[in-house]
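Asks:
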Amino acid sequence: MAVTNDGRLRLSLIDYDGQKRQFSFDAAVLNAANIAAQTITHDNLIAAIMDVTLGTKDFEEMVADREAIRPAVKPAAAAAQVNVEWVVTYVDDVTTTVYNVRVPTADITDTTLFATNSNLWDPADAKWVTFIAAFEAHVLSPAGNSVTLQQVAFLQ
896 MAVTNDGRLR
906 LSLIDYDGQK
916 RQFSFDAAVL
926 NAANIAAQTI
936 THDNLIAAIM
946 DVTLGTKDFE
956 EMVADREAIR
966 PAVKPAAAAA
976 QVNVEWVVTY
986 VDDVTTTVYN
996 VRVPTADITD
1006 TTLFATNSNL
1016 WDPADAKWVT
1026 FIAAFEAHVL
1036 SPAGNSVTLQ
1046 QVAFLQ
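Sequential numbering of the sequence shown, starting at 896, is according to our numbering.
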């Protein structure tokens, strides 16, 4: 029997040119017992994503909670482009299956986010430390298991 996880976090970011890109993560299914705690971990992850990207939020969505920003607000930074992405690699803590998700409008202007002479993240940077904690607290694998963040790389 396959495990089905219906919990989901979706986020859409807008780049400087007004282009939008959506991406999503599996998350816990919301119910009356966990919605307050899951809303906190959801908000922490959204804040951590916004801290390492340049785009502006178009909308964010989780089961029983959708926040749409209308009219769409373009970011001030011309470097905010949906085709400039962080590739977030994470592993299922039980099955050890590796997954990737792309987060658009990566903030490549903040050079402290990168390891020296690399397109890879510097996991010791304070913004990434926050991102790791928020990601691992909120995201589940498609199998419904907890995950561990392995790396983040810049992709253009």
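Cβ coordinates follow ideal geometry from the N, Cα and C atoms, glycine included.
1) So GLU955 and ILE941 are in contact, right, with Cβ under 8 Å, and what is the actual spacing, rounded?
2) Can you round the beta-carbon distance between ARG916 and PRO999 to whole angstroms, since I take them to be within the 8 Å contact cut?
3) For GLY913, which option in ALA1032, ILE930, ALA967 and PHE920 has the closest C-alpha, if you only look at C-alpha atoms?
4) Does ASP901 pass the burial test, meaning 16 or more other C-beta atoms within 10 Å, or should it be called exposed?
5) Compute the distance between the beta-carbons of ALA1010 and TYR911, then report whether it is under 7 Å.
6) What is the C-beta distance between LEU1044 and GLU1031, in whole angstroms, given that I count them as a contact (C-beta under 8 Å)?
7) Using 7 Å as the threshold, is the C-beta distance between ALA1038 and THR990 below it?
8) Count the other C-beta atoms from every protein chain shown that fall within 10 angstroms of the C-beta of ASP1002, then say buried if there are 16 or more, exposed otherwise.
9) How would you label SER1036, buried or exposed, when you count the other beta carbons within 10 angstroms and need 16 or more for buried?
10) What three-state label does DSSP hand ASN995 in the structure shown?
11) By the DSSP assignment, the alpha helix (DSSP H) with PHE1026 in it spans what residues?
12) Thinking ASP987 and ASN1040 are a contact (beta carbons under 8 Å), I'd like their distance in whole angstroms, please.
Replies: The answer reads as follows:
1) 6 Å
2) 4 Å
3) GLY913 has its Cα closest to that of ALA967, out of ALA1032, ILE930, ALA967 and PHE920.
4) exposed
5) no
6) 6 Å
7) yes
8) ASP1002 comes out buried.
9) buried
10) strand
11) 1021-1033
12) 5 Å
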